[in-house]
Amino acid sequence: MERTFLTKSELRRAIRANIRSLSADERAEAARLIVAEIESDPRFAAARTVAAFMPLGDEPPLREAVERWAQSKRMVVPKIEGDEMHFCDFRADEMASGAFGIAEPQTTATCPPEQIEVMIVPAVGLTRQGARMGRGRGYYDRYLGQHNAASIYKISTCFACQLVEELPTEPHDVVMDRVVAH
114 MERTFLTKSE
124 LRRAIRANIR
134 SLSADERAEA
144 ARLIVAEIES
154 DPRFAAARTV
164 AAFMPLGDEP
174 PLREAVERWA
184 QSKRMVVPKI
194 EGDEMHFCDF
204 RADEMASGAF
214 GIAEPQTTAT
224 CPPEQIEVMI
234 VPAVGLTRQG
244 ARMGRGRGYY
254 DRYLGQHNAA
264 SIYKISTCFA
274 CQLVEELPTE
284 PHDVVMDRVV
294 AH
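Heads up: the sequence shown begins at 114 in my numbering, then just goes up one per residue.
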């Protein structure tokens with residue numbers, strides 16, 4: 114991005130336009146490369162419990178990878194209840210449309226943050242240094258800002274067209290440990 118953005122909403126609009134310009138093949142290839150890079154991460158490989166997200170249409174399509182990972186790891190995915198986000202066990206056959214049209218687990222049993230070793234975090238925009246801009250509701254920043262979530266290794270993913278040089282940040286924004294973009 115060449116110009117300086119005055120607001121996060123302007124930046125979100127510009128990034129979404131970039132994403133819309135990607136073909137289905139480009140998205141699929143990017144997802145394949147993202148998954149391969151995540152799987153090569155030693156922290157991910159060693160993790161027993163991993164939190165991931167169920168992708169929306171403008172996010173890297175990682176659901177198949179989550180289903181495959183669930184065969185050898187405890188995979189947990191977000192469930193939104195009001196202003197709170199919790200993580201619940203992923204079971205492919207027990208997912209239904211939830212908050213914001215995102216697939217969510219139907220269980221009410223939650224996984225405590227201290228049991229999550231690695232979290233794969235969605236983003237609207239990212240810097241290579243790990244600054245992250247989400248959709249604007251703050252669910253991930255609030256969750257990861259809890260004291261009992263401090264040891265979670267945070268990997269954020271995006272398409273390469275979502276990388277920017279800098280992002281407007283606020284004190285409550287949580288920096289990612291690793292950025293995976295293709």
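No residue lacks a Cβ here, since even glycine has one placed at the ideal position from N, Cα and C.
Asked                                                                                                                                              : Found
Can you tell which of 130, 162, 178 has the C-alpha that lies nearest to the C-alpha of residue 231?                                               : 162
What is the rounded straight-line gap between the Cα of residue 221 and the Cα of residue 201?                                                     : 7 Å
Are there 16 or more other CB atoms within 10 angstroms of the CB of residue 116, so buried, or fewer, so exposed?                                 : Residue confidence for residue 116 is low, a pLDDT of 48 falling below 50, so the modelled location carries little weight and cannot support an answer.
Looking only at DSSP bridge pairs, what is residue 186 linked to?                                                                                  : Per DSSP, none; premise fails for residue 186.
For the alpha helix (DSSP H) containing residue 157, name the first residue and the last one.                                                      : 155–159
Could you pull the start and end residues of the beta strand (DSSP E) that residue 264 belongs to?                                                 : From DSSP, residue 264 is part of no beta strand (DSSP E); its letter is neither H nor E.
Assuming residue 129 is part of the alpha helix (DSSP H), what are its boundary residues?                                                          : 121–133
What does the alpha-carbon distance come out to for the pair residue 184 and residue 206?                                                          : 13 Å
Identify which residue in 263, 134, 176 has its Cα closest to the Cα of residue 188.                                                               : 176
Assign residue 308 to buried or exposed, taking buried as 16 or more other Cβ atoms, counted over all protein chains shown, within 10 Å of its Cβ. : With the chain running from 114 to 295 in the structure shown, residue 308 is simply not present.
Can you look up residue 209 in the DSSP assignment and give me helix, strand or coil?                                                              : strand
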